[in-house]
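The sequence shown begins at 55 in this note's numbering and counts up one residue at a time. Okay, structure first, notes after.
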Amino acid sequence: MNQIPDVLYADQDLTTWLIVGASRGIGLEFVRQLLQRGERIIATVREPWASHASGLWGQAGSDHGKCQMYICDILSEDSIVKFVAQLAAMQNLKIDYVVINAGVLRYPNRSTEMSFEEFAFHLHTNAIGPIITAQKLLQSNIPIGTITFMSSDSGSQGNFREMEDGFAAYAASKSALNMAIRHLAAELKRKDDDTIILAMHPGEVATDMANIALPWDVQGIITPEESVVKMIDVIQSKGIQHSGTFWTYENKPYVW
Ligand SMILES: NC(=O)c1ccc[n+]([C@@H]2O[C@H](COP(=O)([O-])OP(=O)(O)OC[C@H]3O[C@@H](n4cnc5c(N)ncnc54)[C@H](OP(=O)(O)O)[C@@H]3O)[C@@H](O)[C@H]2O)c1
Numbered sequence: 055m056n057q058i059p060d061v062l063y064a065d066q067d068l069t070t071w072l073i074v075g076a077s078r079g080i081g082l083e084f085v086r087q088l089l090q091r092g093e094r095i096i097a098t099v100r101e102p103w104a105s106h107a108s109g110l111w112g113q114a115g116s117d118h119g120k121c122q123m124y125i126c127d128i129l130s131e132d133s134i135v136k137f138v139a140q141l142a143a144m145q146n147l148k149i150d151y152v153v154i155n156a157g158v159l160r161y162p163n164r165s166t167e168m169s170f171e172e173f174a175f176h177l178h179t180n181a182i183g184p185i186i187t188a189q190k191l192l193q194s195n196i197p198i199g200t201i202t203f204m205s206s207d208s209g210s211q212g213n214f215r216e217m218e219d220g221f222a223a224y225a226a227s228k229s230a231l232n233m234a235i236r237h238l239a240a241e242l243k244r245k246d247d248d249t250i251i252l253a254m255h256p257g258e259v260a261t262d263m264a265n266i267a268l269p270w271d272v273q274g275i276i277t278p279e280e281s282v283v284k285m286i287d288v289i290q291s292k293g294i295q296h297s298g299t300f301w302t303y304e305n306k307p308y309v310w
């Protein structure tokens, strides 16, 4: 899967981004924009035949030589561990920005109706997988500048979105993610580790995930392009003093 020999980077001081969950939607848009900016990208998909990604990977490999694709399924600890081991084997790798973007929404998921399996699926993909991915990366000793988690306004406890009928498992999973993110940031601070930990709400973004008929009016839908162009600026504007904070794509602090 690794299309680009490491030697290509030997004498280049490129900013390196790792996008986890880059086959479609917001993750794919990160790759597209970062390629345009000439940055070095490590992108993960969970299936090598992901149809949305394949055109871009082909182009990235032959044209720019700056995008490397790996397999990582965040529902599988084994897959996460194998992926991180591949990165750890790269000589002199440093990652400036990690974006843990992968997530799922199976709509509807109501507390009064959802199955045990459905609830667990959301928690595993949206909370446990992202945190374990970050944990394994941090344990690998690869120098990492910032880890940004793709959270959601649905996961905010302080701004409970009561009208979101059918979002119970999704919201609870993002809320669990948020709490684990705060603990992660606090633990790193105690260890004097200066990796910056951020949570992000990308806005209401027109992707496959948002392509559902909701019985309420979703205000202010934006394109993946607008969301990502703004999120890149937000991510790059944060320092260690911001670790353990939650932001919107418009650079507004969001309530946990
Ligand atoms: N769109 C919005 O309005 C919105 C709002 C708030 C938050 N978010 C969050 O933003 C993130 C991206 O959402 P999106 O709108 O771009 O959704 P999307 O178009 O449905 O894309 C989801 C991405 O996550 C990947 N993924 C799902 N399960 C995975 C797994 N087990 N392992 C690895 N990758 C996995 C998918 O890969 P496959 O192609 O293999 O399925 C896909 O690349 C999510 O965390 C979502 O919760 C989105």
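All residues carry an ideal CB built from backbone N, CA and C; glycine is no exception. Given the structure is predicted, the values throughout are model-derived calculations rather than measurements.
Quick check: is any heavy atom of ligand 1 less than 7 Å from the C-beta of residue i?
{"i": "residue 150", "result": "no"}
{"i": "residue 126", "result": "yes"}
{"i": "residue 77", "result": "yes"}
{"i": "residue 216", "result": "no"}
{"i": "residue 180", "result": "yes"}
{"i": "residue 129", "result": "yes"}
{"i": "residue 86", "result": "no"}
{"i": "residue 109", "result": "no"}
{"i": "residue 186", "result": "no"}
{"i": "residue 81", "result": "yes"}
Given residue i, which residues of its chain have a CB within under 7 Å of its CB, disregarding the five upstream and five downstream residues?
{"i": "residue 116", "result": "Because the pLDDT at residue 116 is just 47, under 50, the model does not fix this residue reliably, and the point stays unresolved."}
{"i": "residue 161", "result": "220, 266"}
{"i": "residue 118", "result": "Low per-residue confidence applies at residue 118: pLDDT is 47, beneath 50, and the placement is therefore not dependable, though the value from the model is reported in the following sentence. Answer for residue 118: 89, listed in chain order."}
DSSP beta-bridge partners for residue i?
{"i": "residue 84", "result": "Note: residue 84 sits in no beta bridge, so no partner."}
{"i": "residue 204", "result": "254"}
{"i": "residue 97", "result": "73, 123"}
{"i": "residue 152", "result": "72, 201"}
{"i": "residue 301", "result": "254, 307"}
{"i": "residue 275", "result": "258"}
{"i": "residue 163", "result": "221"}
Beta-carbon within less than 6 Å of residue i's beta-carbon, same chain only, minus the 5 sequence neighbours each way: which residues are those?
{"i": "residue 236", "result": "298"}
{"i": "residue 111", "result": "123"}
{"i": "residue 275", "result": "258, 260"}
{"i": "residue 238", "result": "251"}
Are residue i and residue j touching if we call contact CB-CB under 8 Å?
{"i": "residue 79", "j": "residue 98", "result": "no"}
{"i": "residue 178", "j": "residue 250", "result": "no"}
{"i": "residue 176", "j": "residue 143", "result": "no"}
{"i": "residue 100", "j": "residue 125", "result": "yes"}
{"i": "residue 301", "j": "residue 309", "result": "no"}
{"i": "residue 174", "j": "residue 128", "result": "no"}
{"i": "residue 72", "j": "residue 152", "result": "yes"}
Give me, in chain order, the residues of the same chain whose beta-carbon lies closer than 8 Å to that of residue i; leave out the 5 immediate sequence neighbours on both sides.
{"i": "residue 87", "result": "279, 282, 283, 286"}
{"i": "residue 231", "result": "180, 181, 184, 185, 203, 205, 209, 253"}
{"i": "residue 82", "result": "76, 106, 107, 110, 278"}
{"i": "residue 120", "result": "58, 68, 89, 92, 93, 94, 95, 114"}
Would you say the beta carbon of residue i comes nearer than 7 Å to a heavy atom of ligand 3?
{"i": "residue 204", "result": "In the structure shown, ligand 3 is absent; the only ligands present are ligand 1."}
Going along the chain, which unbroken runs of the beta strand (DSSP E) with 3 or more residues stay wholly within the region 217-269? Listed in chain order, the complete beta strand (DSSP E) runs (minimum 3 residues) inside the region 217-269 are 250-255.
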